[in-house]
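*Asks:* Here it is: the structure, laid out below.
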Amino acid sequence: MTLAGPPVSLDLQVKYRDDRNGTLTSEELLAVLAAIGHPQRLRIIAGLSEGRVHVSELARRLGMSRPLLYLHLERLEKAGLVAGDLELSSDGKAMKYFELVPFDVHLTVDVVLAALRADEEEGLKDVQENPR
16 MTLAGPPVSL
26 DLQVKYRDDR
36 NGTLTSEELL
46 AVLAAIGHPQ
56 RLRIIAGLSE
66 GRVHVSELAR
76 RLGMSRPLLY
86 LHLERLEKAG
96 LVAGDLELSS
106 DGKAMKYFEL
116 VPFDVHLTVD
126 VVLAALRADE
136 EEGLKDVQEN
146 PR
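Right, here's the structure in full:
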């Protein structure tokens, strides 16, 4: 089977809490690639593509146990691809919901080089901020 279409590239648009302008370190890049590199996690991303959903409902839709689903959701959340939040139901039960974080994945040599440069800059910052 051959797939036609444009080449795959990685220019991740993930929101960060610092001033890196979306540049990933190699560790973050690997976390994203590992997160999307599993068939079950791709199914989860597809399941969340229609919007925010309660974890039990997502487990039912995907035919997956909740413990296994949570394991995969945690990996996706650490990579910055999904976000989860708790809400209280009318009867006081904690309800966990997940949704996709907008992202656009394009893997290019420039992205890999930028990740390695970000590692070097992080290393320089660590040395400057915490001299031995």
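Each residue of the sequence shown is one higher than the one before, starting from 16 at the first, in our numbering. Each residue gets a CB set at the ideal place from its N, CA and C atoms; glycine is no exception.
Does the segment 78-91 come close enough to the segment 121-134 that 3 or more CB-CB pairs lie under 8 Å?
*Replies:* The segment 121-134, when compared against the segment 78-91, does not touch it at the 8 Å Cβ threshold.
*Asks:* Look at the alpha carbon of residue 58 and the alpha carbon of residue 93, and state the distance between them as a whole number of angstroms.
*Replies:* 17 Å
*Asks:* Going by the DSSP bridge assignment, what does residue 180 pair with across the sheet?
*Replies:* Residue 180 cannot be examined here, being either before or after the span of the chain that is shown, 16 to 147.
*Asks:* In or out: residue 103 buried (at least 16 other Cβ within 10 Å) or exposed?
*Replies:* exposed
*Asks:* Decide if the segment 112-121 is in contact with the segment 65-83; the criterion is three or more beta carbon pairs, one per stretch, under 8 Å apart.
*Replies:* The answer is yes - the segment 65-83 touches the segment 112-121, with three or more Cβ pairs under 8 Å.
*Asks:* Just mark residue 107 as buried or exposed, buried being the case when its beta carbon has 16 or more other beta carbons within 10 Å.
*Replies:* exposed
*Asks:* Short of 6 Å in beta carbon distance, which residues of its chain neighbour residue 81, apart from the five on each side in sequence? Order them along the chain.
*Replies:* 74
*Asks:* Would you list the residues sitting across from residue 102 in a DSSP beta bridge?
*Replies:* 110
*Asks:* Beta-carbon of residue 121 versus every beta-carbon of chain D: anything under 9 Å?
*Replies:* Any reference to chain D falls outside this structure, which holds one protein chain only.
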